[in-house]
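> The numbering of the sequence shown is the working numbering, which starts it at 27 and goes up by one.
All residues carry an ideal CB built from backbone N, CA and C; glycine is no exception.
Here it is, the structure in full.
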Amino acid sequence: MVATVAKKIWGGVFSEATDRRVEQFTESISFDWRLYEQDIAASIAHAQMLAAVKLITAEECRQLCQTLEQIRAEIEQGKFPFCTELEDIHSHVERALVERLGPLGGKIHTARSRNDQVATDLRLWVRAGIDTIDAALAELQRAFVARCDADAEVILPAYTHLRRAQPVLAAHYWLAYCEKFQRDRQRLQDCRKRTNVLPLGSAALAGTSLPMDRQMVAQSLGFAEVSANSLDATSDRDFAIEFVFCLAMIALHLSNWAEEWIIWSSTEFDFLQLPEAFCTGSSIMPQKINPDVLELIRGKTARVAGDLQTLLMLIKGLPLAYNRDLQEDKPALLDAFDTVSACLQVAAPLVEKTRLKRQAIEEKLERGYLDATNLMEHLIGRGIPQRTAHEMVGRLVREAMQRGVALRELALEAFRAQEPSLGEEVYDVLGAERAVASARSYGSTNPALVKQQIALWKQRLGIVSPESTP
Ligand code: ARG
Numbered sequence: 027m028v029a030t031v032a033k034k035i036w037g038g039v040f041s042e043a044t045d046r047r048v049e050q051f052t053e054s055i056s057f058d059w060r061l062y063e064q065d066i067a068a069s070i071a072h073a074q075m076l077a078a079v080k081l082i083t084a085e086e087c088r089q090l091c092q093t094l095e096q097i098r099a100e101i102e103q104g105k106f107p108f109c110t111e112l113e114d115i116h117s118h119v120e121r122a123l124v125e126r127l128g129p130l131g132g133k134i135h136t137a138r139s140r141n142d143q144v145a146t147d148l149r150l151w152v153r154a155g156i157d158t159i160d161a162a163l164a165e166l167q168r169a170f171v172a173r174c175d176a177d178a179e180v181i182l183p184a185y186t187h188l189r190r191a192q193p194v195l196a197a198h199y200w201l202a203y204c205e206k207f208q209r210d211r212q213r214l215q216d217c218r219k220r221t222n223v224l225p226l227g228s229a230a231l232a233g234t235s236l237p238m239d240r241q242m243v244a245q246s247l248g249f250a251e252v253s254a255n256s257l258d259a260t261s262d263r264d265f266a267i268e269f270v271f272c273l274a275m276i277a278l279h280l281s282n283w284a285e286e287w288i289i290w291s292s293t294e295f296d297f298l299q300l301p302e303a304f305c306t307g308s309s310i311m312p313q314k315i316n317p318d319v320l321e322l323i324r325g326k327t328a329r330v331a332g333d334l335q336t337l338l339m340l341i342k343g344l345p346l347a348y349n350r351d352l353q354e355d356k357p358a359l360l361d362a363f364d365t366v367s368a369c370l371q372v373a374a375p376l377v378e379k380t381r382l383k384r385q386a387i388e389e390k391l392e393r394g395y396l397d398a399t400n401l402m403e404h405l406i407g408r409g410i411p412q413r414t415a416h417e418m419v420g421r422l423v424r425e426a427m428q429r430g431v432a433l434r435e436l437a438l439e440a441f442r443a444q445e446p447s448l449g450e451e452v453y454d455v456l457g458a459e460r461a462v463a464s465a466r467s468y469g470s471t472n473p474a475l476v477k478q479q480i481a482l483w484k485q486r487l488g489i490v491s492p493e494s495t496p
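Okay, here's the thing in structure tokens:
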């Protein structure tokens, strides 16, 4: 019994062994083992600093670092034994050092607490997570930009209220998603700034009386600054919550896109041919080819939003400084990261491999009076007040509907009946292609402007277009 207590890194004051149920209840090693790389990197930086300030010798530092690297290799190879008695990743690594180096292993925790240690590990982990997600988002943006070239001439009906509204270039649609994911990337970069601050040296909550060179540790771990308040640095997880908010926003954007493509690939819409390798079938209806990947991306958004909610509630009402509640941050954080990574990994190839069904799209473009707004703007351009023009075009649409024709199929007399000054030039804005070409405002679907945007995105994403290579 006492042996179990002695094994613990905090066993000294205890005379009674920990209840098994408590060990099971309080452990975090089952999930925080995933911080091993960060924990070991931070311990190595800490040991080097301890040597620099002469709290340990250079030789002791060498042995500690070498053993830490051994431990890392063993964890990577799946050879390192984990057990619930040792609670978390921090005590596992420290215990392994003591087992291998004897009393020297006991020096690693000099001027350090698990409170500043876990805050440091988590900041390192979130920082790496930000970079991983950012790279995956860039990959997805590249897939959308590649579609712009593939669908260069395609015009799509764009929707409001899920009813056909106005024609736009397919590329304009794809770039809309690039913009959304770009803001997600900017949010991540912003979050990275607040994450990239070193807590180590804050010790349990008050700092330490031992000589520390925190700048040195920050530099070797790539932190931009050191935390200025030990109570704050050990107690807050706002950076992790911010990251999970970024992930939730990405998941929401993915769910918008997934929903759109589920609708577009339905038999009713028939705009998209999803790659079969990214669809699944039905166990009873032999004819079904279902968009399950897209549905799961939409569905998994709920999990990420739930993870965010978990973290928000987790820190609600916590007094300063460290509280064990904070251990619960990891399952939600890890789940949000894993979920969004997994979604991004299938989203990019799905965007790349999906094809637009041009003929079905063209047929839909023909019907629905998508050029009505352009006709109205043409009338406004001739000095007719917007309200009057709106009504005139409304009447023209009604007439075309009654005749079962498109606006451009109405005779000139019909237009002149509304506005006698109109001539043949009225047909210049009718039909999807002309309607798209007539757009002018910056940010519109105007083909020349969209072309500029495509070039800009290629530049941003480091895509070399075939024409620019010699
Ligand atoms: N596993 C703990 C966590 O994730 C590490 C910190 C424990 N600190 C403590 N004073 N019990 O929060």
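1) Terminal residues of the continuous alpha helix (DSSP H) containing T186?
2) What is the residue span of the alpha helix (DSSP H) that V462 lies within?
3) Roughly how many whole angstroms lie between the Cα atoms of K390 and D65?
4) Terminal residues of the continuous beta strand (DSSP E) containing Q192?
5) Under three-state DSSP, which class holds I341?
6) Assuming S117 contacts L94 (C-beta within less than 8 Å), just tell me the rounded distance between them.
7) Under the assumption that I97 contacts A122 (Cβ atoms under 8 Å), give the Cβ distance between them as a whole number of angstroms.
8) Could you check what DSSP says for I315 in three-state terms: helix, strand or coil?
9) Grouping DSSP H, G and I as helix and E and B as strand, with all else coil, what is G307?
10) Rounded to whole angstroms, what's the CA-CA distance from P301 to A169? Just pull it up for me.
11) Helix, strand or coil: which one does DSSP assign to I480?
12) Any heavy atom of ligand 1 within a distance shorter than 7 Å of the CB on N116?
13) Between the alpha carbons of E53 and F207, how many angstroms are there, rounded?
14) Please classify E113: does DSSP put it in a helix, a strand, or coil?
15) Once the 5 residues before and after N222 are set aside, which same chain residues still bring their CB inside 8 Å of it?
16) Compare the beta carbon distance of F106 and L360 with 8 Å and say whether it is the shorter of the two.
17) Taking only three categories from DSSP, how would you classify E251?
18) Between which two residues does the alpha helix (DSSP H) containing L273 stretch?
19) Count Cβ pairs between the stretch 263 to 279 and the stretch 214 to 228 that sit closer than 8 Å; are there 3 or more?
20) Sorry if obvious, but does the Cβ on Q64 come closer than 7 Å to a heavy atom of ligand 1?
21) Quick one: is A465 buried, meaning 16 or more other Cβ sit within 10 Å of its Cβ, or exposed?
22) Quick check on this structure: which residue in P345, A481, W200 has the alpha carbon closest to the alpha carbon of V377?
23) Going by DSSP in three states, V152 sits in which element: helix, strand or coil?
24) Taking I276 as the reference, which of L340, Q353, A373, V180 has the closest Cα?
25) Between which two residues does the alpha helix (DSSP H) containing E389 stretch?
26) So, at 7 Å on beta carbons, what are the nonlocal neighbours of G132 in its own chain, with the 5 sequence-adjacent residues on each side left out?
27) Helix, strand or coil for L224, going by three-state DSSP, please let me know.
28) My output table needs one value for R14: the three-state DSSP class, helix, strand or coil.
29) Going by C-alpha to C-alpha distance, which of S228, A232, S235 sits closest to V243?
30) If you draw a straight line from the C-alpha of G488 to the C-alpha of V171, how long is it?
31) Under the DSSP definition of a beta bridge, which residues are partnered with L298?
32) CB-CB under 6 Å to N472, same chain, minus the five flanking residues each way: which ones, in chain order?
33) Thinking C-beta only, is C204 closer than 8 Å to Q167?
34) Whole angstroms are fine: how far does the CA of T365 sit from the CA of D397?
35) Report all residues from its chain with a CB closer than 6 Å to the CB of V79; omit the five preceding and five following residues, and keep chain order.
36) From R173, Q103, A347, G155, pick the residue whose C-alpha is nearest to that of K379; which is it?
To lay it out plainly:
1) Counting along the chain, T186 falls outside any alpha helix (DSSP H), though it belongs to the beta strand (DSSP E) covering 181 to 186.
2) Unbroken alpha helix (DSSP H) run through V462: 458 to 464.
3) 57 Å
4) 189 to 195
5) helix
6) That belief does not hold up - the Cβ atoms of S117 and L94 are roughly 14 Å apart, past 8 Å.
7) 5 Å
8) When secondary structure is reduced to three states using DSSP, I315 falls in the strand class.
9) strand
10) 14 Å
11) helix
12) Residue identity check: residue 116 is His in the sequence provided, not Asn. Result yes, Cβ under 7 Å from ligand 1.
13) 37 Å
14) coil
15) R149, R153, G248, F249, A250, E251
16) no
17) strand
18) 264 to 290
19) yes
20) no
21) buried
22) W200
23) helix
24) For the residues L340, Q353, A373, V180, the minimum Cα distance to I276 belongs to A373.
25) 384 to 392
26) Taking C-beta separations shorter than 7 Å and ignoring five residues to either side along the sequence, the partners of G132 in its chain run V124, following chain order.
27) strand
28) In this structure the chain extends from 27 to 496, so residue 14 is not present and cannot be described.
29) S228
30) 11 Å
31) L382
32) A465, R466
33) yes
34) 42 Å
35) P237, D239
36) Nearest to K379 by alpha-carbon distance, out of R173, Q103, A347, G155, is R173.
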